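Residue numbers (the UniProt record's numbering): 1 to 265.
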């Protein structure tokens, strides 16, 4: 990492581990959390976070893992609770020498054999088990009170409509004012209801949808970045490139090149 990342969120829980380089820090839910050889950064699903980079700071190589709840649940059933907002009780924690070794082994395998997906998954699985057993009270973990409350009530129909519009066609959402009108709400009331139902702002949710589509297109397609930019509703490709870098940590071209190594190795 050699530049900041803007405030954003992911649908999956997120684990950050330092591989090498300078110690650094992230902002997680409004709190500064150190990332060092001895500590990890832990981010819950849909939790706001950003990367705090100083201009005079040397770069840092980070192993960033976005973990699907169903995949994690294959290890232990209640680990599917990682989809909830409080799976990690704290935004950071001390790691053991064993975890530190596993980080190095996993990063080394990804660099030396980028196409060996089976080995990568095995090593990442082992690493995640070590992290959860160390930093999560996993024996008692269960869906959060907020998730259980959501499961017993229907979502506000106006927010349900907003979520449908955001998921189906993020490029068609021309502004937050337009989205609020489509839902029959004032802007202020819309923002309050949306955050009450989802835990995040509609702007962050929109950006999450756009970056997920952008990553899939950059990795899995051969279309030009200009075409992808147009499809996602950016006025010029330069705006798309900046958006991608600010959310994914690298330019679209570098991201595609590295992904190609995985596919051709």
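Backbone N, C-alpha and C define an ideal beta-carbon position, used for all residues, glycine too.
On a predicted model such as this, the values are computed, not experimentally measured, just so you know.
9 angstroms Cβ cutoff met for residue i and residue j
i	j	result
residue 45	residue 10	yes
residue 8	residue 247	yes
residue 25	residue 35	yes
residue 5	residue 66	no
residue 95	residue 133	no
residue 243	residue 207	yes
Alpha-carbon to alpha-carbon, residue j and residue i
i	j	result
residue 218	residue 62	21 angstroms
residue 225	residue 137	43 angstroms
residue 173	residue 214	16 angstroms
residue 171	residue 98	45 angstroms
residue 79	residue 93	18 angstroms
residue 149	residue 84	At residue 149 the pLDDT is 47, less than 50, meaning the model places this residue with poor confidence and gives no usable figure here.
residue 260	residue 177	39 angstroms
residue 230	residue 238	11 angstroms
Residue range of the alpha helix (DSSP H) that includes residue i
i	result
residue 25	No alpha helix (DSSP H) contains residue 25, which is instead part of the beta strand (DSSP E) from 24–28.
Continuous beta strand (DSSP E) stretch holding residue i: start and end
i	result
residue 62	60–67
residue 14	13–21
residue 92	92–94
Residue i versus the options, residue with shortest Cα-Cα distance
i	options	result
residue 163	203, 35, 133, 125	203
residue 27	37, 16, 20, 21	16
residue 181	243, 161, 253	161
residue 155	133, 119, 196	196
residue 82	43, 103, 212	43
residue 13	37, 111, 128	128
Cβ-heavy atom distance, residue i to the ligand GDP, below 8 angstroms
i	result
residue 167	Ligands are entirely absent from the displayed structure, and the ligand GDP is therefore not among its contents.
Whole-number beta carbon distance between residue j and residue i, since they are thought to touch under 8 angstroms
i	j	result
residue 29	residue 59	That belief does not hold up - the Cβ atoms of residue 29 and residue 59 are roughly 25 angstroms apart, past 8 angstroms.
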